[in-house]
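Asker: Numbering (my numbering), first residue to last: 129 to 246. Idealized CB from N, CA, C, for every residue including glycine. Take a look at this one; I'll ask things after.
Written out as structure tokens, the structure reads:
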């Protein structure tokens, strides 16, 4: 008799582009700031098209997270650049814009008006 049941793969390949639905909102922002860790940041970065996070990426991500905790909101790009020693062009080259930084840093959805400025 032929067994027609689906067999599970004994060595499944993890899909780095999918995360449990409850972690992210419909715009791809982490819903719980406390769930963030560096491994999750790397997976989010890959989803954003950034293959690997280097030291300048981490310097910016950590600074944005620290400022968010201190201010409760989005720090200005000018201040972020000054604090991290990165120019606007370097930030753009590293991340493609501010919105991916915000997502990779695990910060909550800033709202439609703020996203328009990012």
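1) What's the C-alpha gap between residue 235 and residue 192?
2) Between the beta-carbon of residue 210 and the beta-carbon of residue 158, is there less than 9 Å?
3) So is residue 185 buried or exposed if we call it buried at 16+ other beta carbons inside 10 Å?
4) Is the beta carbon of residue 229 less than 9 Å from the beta carbon of residue 168?
5) Sort out for me which residues DSSP pairs residue 227 with in a bridge.
6) Check each candidate in 237, 154, 152 and name the one with the smallest Cα separation from residue 200.
7) Runs of 4 residues minimum, wholly inside the stretch 176 to 241: which ones carry the alpha helix (DSSP H) assignment?
8) Please state whether the Cβ-Cβ distance between residue 181 and residue 163 is less than 9 Å.
9) Would you say residue 171 touches the ligand ZN, meaning its beta carbon is less than 8 Å from a heavy atom?
Answerer: The relevant details are as follows:
1) Our two residues, residue 235 and residue 192, have alpha carbons roughly 9 Å apart in a direct line.
2) no
3) Classification for residue 185: buried.
4) no
5) Per DSSP, residue 227 has no beta bridge partner at all.
6) 237
7) Taking only runs of at least 4 residues, the alpha helix (DSSP H) segments lying wholly in the stretch 176 to 241 are 183 to 199, 205 to 212, 216 to 223, 226 to 232.
8) no
9) The ligand ZN is not part of the structure shown, which contains no ligands of any sort.
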